[in-house]
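In my numbering, the protein residues as written are 2 to 185.
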């Protein structure tokens with residue numbers, strides 16, 4: 002035990018001496034970068050940042066122009082087309098594209114329970130009406146039944162009218178609705 006303590010004391014003394022000696026030596030560890038190297042470094046970072054921005058914006062830059070882009074339409078000015086036809090959800094929709102959507106399930110359940118409302122009657126148009134006729138009739142009814150315009154409590158009626166217009170104005174939803182309306 003005595004030899005062990007002597008060895009431990011010698012090792013500590015030697016270690017402390019070694020550390021003290023290492024602190025006394027002046028090591029020149031400062032990084033020296035010349036002006037030319039700074040220019041190269043900055044250019045490399047600038048190119049990397051530009052490349053990242055270009056990669057992230059590639060869909061916007063390389064997007065094909067459609068006939069819609071060439072025309073001067075009201076929906077372009079108030080951005081309603083972009084709101085409903087955004088590119089943000091496209092990748093997700095391709096990956097998760099299924100036959101049974103949420104609306105289709107709602108239509109199927111309502112048709113099975115005989116609770117599927119007749120949206121054509123709600124708006125007051127025939128089944129073979131064009132989208133323009135549906136839109137015109139919806140706007141007429143919306144002006145008459147909007148809660149801000151009428152004194153009576155018409156929020157439920159306006160919500161039902163909006164739902165009917167939402168379904169009948171969307172081509173795909175209207176096809177699904179028509180399919181289940183005939184079943185019920």
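Note that CB positions come from ideal geometry on N, CA and C, so glycine has one too.
Computed from a prediction, not measured in an experiment: that's the story for all the values here.
C-alpha gap between residue i and residue j, whole angstroms
i           : j           : result
residue 112 : residue 154 : 29 Å
residue 40  : residue 52  : 18 Å
residue 193 : residue 74  : The displayed coordinates of the chain run from 2 to 185. Any statement about residue 193 would go beyond what the structure contains.
residue 62  : residue 54  : 11 Å
residue 158 : residue 141 : 14 Å
residue 136 : residue 117 : 21 Å
residue 47  : residue 67  : 34 Å
residue 166 : residue 172 : 11 Å
residue 44  : residue 72  : 41 Å
residue 151 : residue 145 : 7 Å
residue 8   : residue 31  : 38 Å
residue 148 : residue 120 : 20 Å
residue 143 : residue 170 : 15 Å
residue 160 : residue 60  : 37 Å
Collapsed DSSP secondary structure at residue i in the structure displayed
i           : result
residue 131 : coil
residue 185 : Below a pLDDT of 50, predicted positions are generally treated as unreliable, and residue 185, at 46, falls in that range; no measurement from the model is reported.
residue 152 : coil
residue 125 : coil
residue 10  : helix
residue 171 : coil
residue 119 : coil
residue 32  : coil
residue 114 : coil
residue 108 : helix
Classification of residue i by the beta-carbon crowding that lies within 10 angstroms, buried from 16 upward
i           : result
residue 58  : exposed
residue 191 : This structure leaves residue 191 out entirely; the chain is present only between 2 and 185.
residue 124 : buried
residue 168 : buried
residue 5   : exposed
residue 64  : exposed
residue 13  : exposed
residue 42  : exposed
residue 50  : exposed
is_contact[residue i, chain C] using C-beta, thresh 8 Å
i           : result
residue 121 : Absent from the structure is chain C; it holds one protein chain and no more.
Segments assigned alpha helix (DSSP H), at least 4 residues, entirely inside the stretch 39-81: Whole alpha helix (DSSP H) segments, 4+ residues: 59-62, 68-71 and 75-78.
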